[in-house]
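Numbering (our numbering), first residue to last: 42 to 343.
Here it is, written out as structure tokens:
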């Protein structure tokens, strides 16, 4: 993908939006910054009709009641605060990570084994900071991302965290497998998001928020192909700089046949989605996938 195409494909919102949030966040105290973000979220809601409709539809499922204008306003405001936390990390503020449910110990056990792994997450909470939590365990991480025209914040993060955390740009889907294979052979673990079906060639149906939905299943096929384990990580904000971390159990591609391994992978992903659904219901405004990216499956697709 050339520079012109990257400029065409971009994050939603005005071209100057991210730069403005970053600049203002550097000079305003947090209470005043949160007030500014709430006002700017109203502007964003007016400019981003597709995302606003998707927000209302998702919140209706997550809240178990018809969502309101105020729900969507809070949803957009929470996303704005997440952007500030990401900009804080890019600007040099050290993220703080907390775990009190055994998640840290599970990851430590995995990394102490010396094995590389595939680390999955979703557009939920502080998901973009999970790679930096993983880097605390002395492993090299490459985050799979699509490069867009206004992704300067990701460049700032990559520069901030040096060689331990980097981005694997996979704008050309035909090169994805080769890029992942090269990264694994170079000794990197891989972090990837698993909730946008348009970026995945391997899809399967799972129950989530009361409906059968399509989810990307590529991470498990890669696990079996490269013979490396899978772990999912989720992070929820705890103050301005803190993140409460939750992880799934570790999936290891063991079995006599690929069919057996995929059957075990489906059980693991179902359990992972159970954890995610619990967290989403407790924190519905932290779901930041403002697109119909986890579509409901037809009855015949189960």
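Each residue gets a CB set at the ideal place from its N, CA and C atoms; glycine is no exception.
Inter-residue Cα distance where the pair is residue i and residue j
i	j	result
residue 84	residue 128	20 Å
residue 218	residue 207	17 Å
residue 184	residue 86	29 Å
residue 280	residue 326	15 Å
residue 98	residue 231	32 Å
residue 191	residue 211	The predicted position of residue 191 is uncertain, since its pLDDT is 49 and thus under 50; no value can be drawn from it.
residue 215	residue 69	44 Å
residue 331	residue 75	21 Å
residue 175	residue 182	7 Å
residue 295	residue 266	12 Å
residue 284	residue 123	11 Å
residue 276	residue 161	12 Å
residue 324	residue 177	26 Å
residue 93	residue 310	29 Å
residue 261	residue 271	7 Å
residue 62	residue 186	22 Å
residue 115	residue 318	20 Å
residue 159	residue 89	33 Å
residue 301	residue 65	53 Å
residue 229	residue 268	14 Å
residue 118	residue 77	10 Å
residue 209	residue 221	8 Å
residue 107	residue 282	32 Å
residue 287	residue 147	10 Å
residue 154	residue 141	22 Å
residue 139	residue 205	20 Å
Exposure of residue i, with buried meaning 16 or more beta-carbon neighbours within 10 Å
i	result
residue 105	exposed
residue 307	exposed
residue 126	buried
residue 236	buried
residue 298	exposed
residue 80	exposed
residue 110	exposed
residue 234	buried
residue 149	exposed
residue 120	buried
residue 112	buried
residue 73	exposed
residue 96	buried
residue 135	exposed
residue 304	exposed
residue 289	buried
residue 251	exposed
residue 143	exposed
For residue i, the residue or residues it bridges with in DSSP
i	result
residue 210	186
residue 252	249
residue 166	276
residue 180	DSSP, once it has assigned bridges, lists no residue as partnering residue 180.
residue 21	Residue coverage of the chain in this structure runs from 42 to 343, which leaves residue 21 outside it and unanswerable.
residue 138	284
residue 233	161
residue 328	165
residue 337	254
- [ ] Taking 8 Å as the threshold, find out whether the region 244-259 comes into contact with the region 309-326 through three or more Cβ pairs.
- [x] yes
Open item on the list: Three Cβ pairs or more, each shorter than 8 Å: is that satisfied between the region 244-252 and the region 166-182?
Closed with: no
Task: Runs of alpha helix (DSSP H) wholly within the region 79-118 (minimum 4 residues, chain order) - done: 90-104
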